[in-house]
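One structure below.
There are 2 protein chains.
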Amino acid sequence: MKMSDVAKLANVSAATVSRVLSHPEKVSAETRQRVMDVINKVNYKPHIVARQFRTQETKIILVVVPDITSAFFSKVLRGIEHIALENGYQVILGDTENDIEREDSYINLLLQKQVDGMVLLTARLNKSKLEELASEFPLVLACEYVDGLNVPTVSIDNVSSARKATEHLIQLGHSKIAHITGPISVILSRDRLKGYKQAMISNDLEVDPAYIQEGELSFESSYNQTLKLLSLSTPPTAIFVFNDEMAMGTIKAAKDSGLNVPSDLAVVGFDNIKMSSVFEPNLTTIDQPKYAIGKKAMELLLKLINGEPLKKKKFVMKDELIIRESSHIE
Amino acid sequence: MKMSDVAKLANVSAATVSRVLSHPEKVSAETRQRVMDVINKVNYKPHIVARQFRTQETKIILVVVPDITSAFFSKVLRGIEHIALENGYQVILGDTENDIEREDSYINLLLQKQVDGMVLLTARLNKSKLEELASEFPLVLACEYVDGLNVPTVSIDNVSSARKATEHLIQLGHSKIAHITGPISVILSRDRLKGYKQAMISNDLEVDPAYIQEGELSFESSYNQTLKLLSLSTPPTAIFVFNDEMAMGTIKAAKDSGLNVPSDLAVVGFDNIKMSSVFEPNLTTIDQPKYAIGKKAMELLLKLINGEPLKKKKFVMKDELIIRESSHIE
DNA sequence: AATTAGTTAGTAACCGTTTTCATAACGTGG
DNA sequence: CCACGTTATGAAAACGGTTACTAACTAATT
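Chains as they are written, first to last, in this note's numbering: chain V, 41 to 370; chain C, 41 to 370.
Structure, rendered in structure tokens:
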């Protein structure tokens, strides 16, 4: 059942049927009704791919995530999806599992016009490649970004949040503060490390390289790195950890070492995933407005797709230090 | 840059370029090389939508999830995505957020031929609708299913797993065992409830309606339902909870009520999400082979799409009771 | 009444591939 | 050397919508 069939049944041309569906106001009420009756009677559904082909837009966007099983990214994704759906867009999911090659391969969907735009929740490709891509296609970065890249980006200020987190520990009286970073290849890891260092230095505390451990993005990795830190001759009394899941690994390691959190070891995480308020002790953490980041990113992408001008390219969302049990002694 | 442009540059027809790309063996090595050289030189990428239109297949499948932020479903999704990608399919994500209307609306993607097939991780639509859909389009159910519906399905045996979970508590000496169900409209809730009842009855234990509380799929809901159970005149000494996240809510409620888990209250969850081995106390739970379920579901969908016959329609995957701290006293 | 503007609907071109069919070139065996 | 099968390529017709253009008609203005 195609449009021309419907047209015949309604005694109109295919053009009119098309207009009834896409620009109803251009068709007289009477004809519109007649066409709609036929459409309903035969349960006609337009062939979307044919439409995509003719209009040269797919109404599909691609979201590339570094890890779909992460409680953080799935919330951002939800923000994106809501706005996408509201505006008639479907979402293709690209999970890279932190593999840069897979990130690269998803770009083909854009090059081959299979999607109208792309939001990258991970940005590990090289700058010039992204630059070129963004000059030709609607592209926005969220969460991660690339330094000096003039592409619409929405994120929080990771440096200042990390500084805030570290300063919270300093204010609690800690001076032996360690930091477990994420993979240092990821810019967020470098940013949070920078914030940590800034806080230490501006409070006249020594930045001890032994107190800085690079971890991977997992509970287990942070667990192991924490054991390392705790076995130092002067172990830290507080640890700022790259994210919440890793912070839980840190706490587990502390517990397994017979330490009490927070009295023997204070821990601060990052992201404020749901579990961080459920875990015991509850995590002190930096709340990222996950849903809002996704929402904003998608709104920007829509503007890009519609050719609207962007007043601003960089959007820094507001984060918040949330103090809970893992750092604070009542 | 379209195929005919490439053709001109290579002094061949568009048909030949198409063949070089899709059936290289049908083109002489010499011509093939000449065409490939041009393709590489001008960095030509075929217009996928045009191809989709012509071949009437999109190489996209749709996965409808009840909740993308769930640790359980994102693992299943990953299994699906791996197999999809391996076979050249992209995945459109449909998150219903447990809303049946949104579930219904995603069906349009199938009706409008925007996707080649669909795997439903939630099946709350009525049977006849799904039946009709499945007769016309490649469709497979995973995790959830519909009773008596002859559509390819992969899941575990929820009744027997729930029985196993409950019997574990009985074997530990409990007789006052409560059950917090999921929304009873979801078949999995009814199945697990059934398994719970079976275990109680076959062990000559009374099924006390007051011990059965319907919860929602959240930490908070289970927290509240647990407080209710604990305030009974004879509170249960063990609770089997619909899933792990809810079980954590139950444990939190127990702790907040001054009870020790497992000595005052034993708790068993379901799903074996990652957090259940991290949470304290670690959760006793039923492990579902999440990745394998997704993998199998996608494999079935591929067969359906390719018109291969299915020997079997119902696939019951193996689950496993994992005994951890929340039920077991060392 | 003639001109103009506005509304409505039809005609036909077009979007970029794939594939059928026809044809040409090329051995190969009789 | 001819008939034939085989292989390589091209021409052209789809696939199912959308939209620019045009025409017919109506209504309003002069």
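We put the beta carbon where it would ideally sit given N, CA and C, even for glycine.
**Request:** Look up Ala-306(V) in the DSSP assignment and say whether it is helix, strand or coil.
**Result:** Three-state DSSP puts Ala-306(V) in a strand.
**Prompt:** Do we get a CB-CB distance below 8 Å when we pair Thr-98(V) with the residues of chain C?
**Reply:** yes
**Request:** For the stretch 114-131 of chain C, enumerate the residues whose C-beta is nearer than 8 Å to any C-beta of chain V, in chain order.
**Result:** Ser-114, Lys-115, Leu-117, Arg-118, Glu-121, Gln-130, Val-131
**Request:** From the DSSP output, read off the bridge partner residues of Thr-221(V).
**Result:** Glu-254(V)
**Message:** Between His-87(V) and chain C, is any beta-carbon pair separated by less than 8 Å?
**Reply:** yes
**Request:** Give the interface partners of Glu-320(V) over in chain C, defined as CB-CB distance under 7 Å, in chain order.
**Result:** Glu-320
**Contacts of Leu-341(V) in chain C (Cβ-Cβ under 7 Å)** = Chain C residues near Leu-341(V): none, gap ~16 Å exceeds 7 Å.
**Terminal residues of the beta strand (DSSP E) in which Lys-354(V) lies** = Counting along the chain, the beta strand (DSSP E) containing Lys-354(V) begins and ends at 354-357.
**Asked** For the stretch 329-342 of chain V against the stretch 111-129 of chain V, are there 3 or more C-beta pairs whose distance is under 8 Å?
**Response** Result yes; three or more Cβ-Cβ pairs closer than 8 Å.
**Prompt:** If you compare alpha carbons, which of Pro-249(C), Ile-326(C), Ser-297(C) is closest to Thr-266(C)?
**Reply:** Ser-297(C)
**Message:** Within 8 Å of any Cβ in chain C, is that where the Cβ of Phe-310(V) sits?
**Reply:** no
**Asked** At which residue ranges does the stretch 84-140 of chain C contain complete alpha helix (DSSP H) runs of 4 or more residues, listed in the order of the chain?
**Response** 88-95, 111-126
**Message:** Going by DSSP in three states, Ser-195(C) sits in which element: helix, strand or coil?
**Reply:** DSSP, reduced to helix, strand and coil, places Ser-195(C) within a strand of the structure shown.
**Asked** Is DSSP giving Glu-171(C) helix, strand or coil here?
**Response** helix
**Request:** Closer than 9 Å by beta-carbon distance: list the chain V residues that pair up with Thr-109(C), in chain order.
**Result:** Ala-111, Ser-114, Lys-115, Leu-117, Arg-118, Lys-314
**Asked** What residue range is occupied by the uninterrupted beta strand (DSSP E) comprising Glu-360(V)?
**Response** 360-362
**Item:** Reduced DSSP category for Phe-259(C) - H, G, I as helix; E, B as strand; rest coil
**Value:** helix
**Asked** Could you give the distance in angstroms between the alpha-carbon of Glu-176(V) and the alpha-carbon of Glu-126(C)?
**Response** Straight-line Cα distance between these residues: approximately 28 Å.
**Asked** Looking only at DSSP bridge pairs, what is Phe-280(V) linked to?
**Response** His-219(V), Val-308(V)
**Prompt:** Is Arg-59(C) near Lys-48(C), with beta carbons less than 8 Å apart?
**Reply:** Taking 8 Å as the Cβ cut-off, Arg-59(C) and Lys-48(C) do not qualify as a contacting pair.
**Request:** Quick one: list the residues of chain V neighbouring Asp-135(C), beta-carbon separation under 7 Å, in chain order.
**Result:** Arg-118, Glu-121
**Asked** When DSSP builds the beta bridges, which residues end up paired with Ile-326(C)?
**Response** Leu-361(C)
**Asked** Where do the ends of the beta strand (DSSP E) carrying Ala-50(C) lie?
**Response** Per DSSP, Ala-50(C) belongs to no beta strand (DSSP E); it is in the alpha helix (DSSP H), 43-50.
**Asked** Got a sec, what are the start and stop residues for the alpha helix (DSSP H) Met-315(V) sits in?
**Response** Run containing Met-315(V): none; DSSP gives neither H nor E here.
**Item:** Cβ neighbours of Ala-111(C) in the same chain (closer than 7 Å, five flanking residues each side left out)
**Value:** Ile-313, Lys-314, Met-315
**Request:** Could you round the C-beta distance between Val-89(C) and Gln-130(V) to whole angstroms and report it? I think they count as a contact, below 8 Å.
**Result:** The Cβ separation is near 13 Å, so there is no contact.
**Prompt:** Would Pro-288(C) count as contacting chain V if we go by Cβ distances under 8 Å?
**Reply:** One point to set straight first is that residue 288(C) is Met, not Pro, in the sequence displayed. Yes, Met-288(C) lies at the interface with chain V (some Cβ there is under 8 Å from its Cβ).
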